[in-house]
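Under our numbering, the first residue of the sequence shown carries the number 20, and numbering increases by one thereafter.
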Amino acid sequence: MAASVAFERIVMADLVPANVREVRKWLDAAPDAKDWTLFAERQAAQEGARNLKEGADAVIARTRRAVRDVTLCNIAEPGVFLDGRQGAQFDAVVACLCLDSGSVDQAAHRCATRNLAALLKPGGMLVACGVTGNPYYTLCTKRFSSLVSCEDSIRDSLLRAGLTVHHWAAEKSTAFMRPYLDYDSAYVTVARKAAVDGMAVESSVIASGAN
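Written as structure tokens, this is what we have:
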């Protein structure tokens, strides 16, 4: 929803087919779609809407217009997309809670970061959010392992992928998340691909924060 503020053409992708189906149902306003109005209201509040209901309705409508495709992906695989599309490149790629939790070790993290960087146009941005120092995460009652990453290891993966980190923000862990995650901090980082291969781009300040 937040991405639709800046982008009018969005491709959403996920590893899990059930997640893709749920997003498609929401985009189509299907009767049995999940109700994500709460998230739209939060986004509307961040945008300064005086009337949250009207603001949320506007956010939902804008997001549904902006999302042009929902497909399967695997960031561990070159090309990332599993629908056969080749050579897709984007102005920005957002990786939310997948780089660390989806990597078994640092080598896998570097590979996934490199695969995402390959989707960027020259000068494009990778926005990644996740948690550091986290050995597991819990969905319902099932626990899954996660790469225990830190700021230095994440920056190393970004650098090796040919990206320059322009922003890093982190917030310490909160107690109410402990049943689901045992992490040190939540982070958001913004990294840019060189405008021309082998040529550095001028540094800029980008404001971002963990939600």
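Every residue gets a Cβ at the ideal spot worked out from N, C-alpha and C, and that includes glycine.
Secondary structure of residue i, DSSP reduced to three states
i	result
isoleucine 173	helix
tryptophan 187	strand
threonine 193	coil
phenylalanine 100	strand
threonine 157	strand
leucine 118	coil
glycine 181	coil
aspartate 47	coil
serine 204	strand
alanine 107	coil
lysine 53	coil
glycine 152	coil
serine 164	strand
isoleucine 29	strand
proline 36	helix
arginine 87	strand
glycine 67	coil
valine 146	strand
alanine 22	helix
alanine 210	strand
Residue from the options with nearest C-alpha to residue i
i	options	result
glycine 152	Arg104, Ser204, Pro198 and Val39	Ser204
arginine 104	Asp88, Cys117, Leu118 and Asp110	Asp88
arginine 83	Ala59, Glu96, Asp102 and Ser164	Ala59
valine 86	Ala52, Trp45 and Asp175	Trp45
proline 198	Thr132, Ala126, Pro36 and Leu158	Leu158
Residues near residue i by beta carbon distance below 6 Å, same chain, minus five either side
i	result
alanine 63	Leu71, Gly74, Ala75 and Val78
Chain-order list of residues whose beta-carbon lies under 8 Å from that of residue i (same chain, five-residue window excluded)
i	result
valine 224	Residue placement at valine 224 is flagged as unreliable, the pLDDT there being 26, under the threshold of 50; the coordinate-derived value follows with that caveat. Same-chain partners within the cutoff: His185 and His186.
phenylalanine 12	The displayed coordinates of the chain run from 20 to 230. Any statement about residue 12 would go beyond what the structure contains.
leucine 178	Val184
Close beta carbons around residue i, own chain, < 7 Å, minus the five adjacent residues each side
i	result
lysine 191	Ser204
alanine 22	Ile29 and Val113
cysteine 115	Cys148
arginine 162	Tyr155
cysteine 169	Thr151 and Gly152
Residue span of the alpha helix (DSSP H) that contains residue i, given as start and end
i	result
valine 127	At residue 127 the sequence reads alanine, which differs from the valine that was named. Element bounds for alanine 127: 125 to 136.
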